[in-house]
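Trainee: Structure in structure tokens, see below.
In the UniProt record's numbering, the protein residues as written are 1 to 257.
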């Protein structure tokens, strides 16, 4: 086994039972186009490949590339940072993205998927437990924020199961969890950009009212008084239809000049 590198956020999963459970959540089928992020030495890669799926593994660590190529000749191995990959190169609008992803870039990976949601069917990730709670949080809870709202808008996100630190090498200081993100295909393309901006603006000053948060954002010049949402509430008190109302109001009344 190669020595895990901290800057790559490497914690290798070594428990066959957990690997089997993750594979069951993914449920890979023959000819599925699967992209695995950070395969490491290929523990999950083996199970994915055995399903007959078309697997591409994207690995930043040069040390394991030859091992992966020799062990899994049927898998396409790309030695690159996933965040620098152009997903359109895979020529599909039905990609499946999976992996035990580096916890230090989890949010960046999720935002990349959201930007490319129209290319992706679903994603199954092992993430830090605290992040999993934020991804699936409900209105009014302390974990409810930008990640929860954006994922709720672009997808259906499911908390699958919690994972102990004991199944990794090296053992992380935190618990992990497996989540599944199933992307919606029917979002309003023209609304998506302004929706993301509204959500980020609304949570920009989390403890302030919506009115104050929006007035400290790029929407400072826009009077939201006719938007149909109570501006004395805080962002964490709004549900998805409220954010959609705000975004639709901004789209109709806000000038980006």
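Beta carbons are placed, not taken as given, at the ideal position from N, Cα and C, and that holds for glycine. It should be emphasised that the depicted structure is a prediction, and the values quoted were computed from it without experimental measurement.
Ignoring anything shorter than 3 residues, give me the beta strand (DSSP E) runs that lie fully in the stretch 193 to 239, in order along the chain.
Mentor: none
Trainee: Take the Cβ of residue 83 as the centre, count every other Cβ of all protein chains shown within 10 Å, and call the residue buried at 16 or more, exposed below.
Mentor: Taking the chain shown and counting its residues from 1, one reaches residue 83 at position 83. Result: exposed.
Trainee: Between 106, 93, 42, which has its C-alpha nearest residue 32's C-alpha?
Mentor: Sequence index remark: in the chain shown, residue 32 carries index 32 (1-based). Of the candidates 106, 93, 42, the one whose C-alpha sits nearest the C-alpha of residue 32 is 93.
Trainee: Looking at the structure shown, is residue 257 part of a helix, part of a strand, or coil, going by DSSP?
Mentor: Taking the chain shown and counting its residues from 1, one reaches residue 257 at position 257. Caution is warranted here: a pLDDT of 45 is assigned to residue 257, below 50, making its placement in the model unreliable, and the coordinate value is therefore given only provisionally. Coil.
Trainee: Among 184, 69, 20, which residue has its Cα nearest to the Cα of residue 41?
Mentor: In the chain shown, the residue the question calls residue 41 occupies position 41. Residue 41 has its Cα closest to that of 69, out of 184, 69, 20.
Trainee: Considering only C-alpha positions, which residue in the set 76, 125, 153, 187 is nearest to residue 18?
Mentor: For the purposes of this step, residue 18 is taken as residue 18 along the chain shown, with counting starting at 1. Among 76, 125, 153, 187, the Cα nearest to that of residue 18 belongs to 125.
Trainee: How far does the alpha helix (DSSP H) with residue 55 in it extend, from its first residue to its last?
Mentor: Translated into positions along the chain shown, residue 55 becomes position 55. No alpha helix (DSSP H) contains residue 55, which is instead part of the beta strand (DSSP E) from 54 to 58.
Trainee: Please state whether DSSP places residue 41 in a helix, a strand or coil.
Mentor: Sequence index remark: in the chain shown, residue 41 carries index 41 (1-based). Residue 41 falls in the coil class under three-state DSSP.
Trainee: Give the straight-line distance between the Cα atoms of residue 20 and residue 44, rounded to the nearest whole angstrom.
Mentor: Taking the chain shown and counting its residues from 1, the one referred to as residue 20 is at position 20. Taking the chain shown and counting its residues from 1, the one referred to as residue 44 is at position 44. Their backbone Cα atoms lie some 8 Å apart in a straight line.
Trainee: So, do the stretch 180 to 187 and the stretch 116 to 134 have three or more beta carbon pairs nearer to each other than 8 Å?
Mentor: Short answer: they touch.
Trainee: If we ignore side chains and look at the alpha-carbon of each, how far apart do residue 219 and residue 140 end up?
Mentor: One-based indexing of the chain shown puts residue 219 at position 219. One-based indexing of the chain shown puts residue 140 at position 140. Whole-angstrom Cα-Cα distance: 24 Å.
Trainee: For the alpha helix (DSSP H) that residue 151 lies in, which residues bound it at each end?
Mentor: On the chain shown, residue 151 is found 151 positions in, with the first residue counted as 1. Element bounds for residue 151: 146 to 154.
Trainee: Find the nearest neighbour of residue 206 within the set 142, 54, 225, judged by alpha-carbon distance.
Mentor: Numbered from 1 along the chain shown, position 206 holds the residue referred to as residue 206. Of the candidates 142, 54, 225, the one whose C-alpha sits nearest the C-alpha of residue 206 is 142.
Trainee: Would you check if the distance between the CB atom of residue 97 and the CB atom of residue 132 is smaller than 7 Å?
Mentor: By 1-based counting over the chain shown, the position of residue 97 is 97. By 1-based counting over the chain shown, the position of residue 132 is 132. Not a contact, by the Cβ cut-off of 7 Å.
Trainee: Please list, in chain order, all residues of the same chain as residue 53 whose beta carbon is under 6 Å from its beta carbon, the five residues on each side excluded.
Mentor: Walking along the chain shown from the start, residue 53 turns up at place 53. These residues qualify, in order along the chain: 28, 32, 34.
Trainee: Please report how far the alpha carbon of residue 222 lies from the alpha carbon of residue 110, in whole angstroms.
Mentor: Residue 222 sits at position 222 when you count from the first residue of the chain shown. Residue 110 sits at position 110 when you count from the first residue of the chain shown. Whole-angstrom Cα-Cα distance: 30 Å.
Trainee: With the cut-off set at 7 Å, would you say residue 203 and residue 227 are in Cβ contact?
Mentor: Locating residue 203 in the chain shown gives position 203, counting from the first residue. Locating residue 227 in the chain shown gives position 227, counting from the first residue. No, these two residues do not count as a Cβ contact at 7 Å.
Trainee: Please check the pair residue 194 and residue 22, which I expect to be a contact at CB under 8 Å, by giving their CB distance rounded to whole angstroms.
Mentor: The residue given as residue 194 occupies position 194 in the chain shown. The residue given as residue 22 occupies position 22 in the chain shown. In fact, because the Cβ distance is near 36 Å, the residues do not count as touching under 8 Å.
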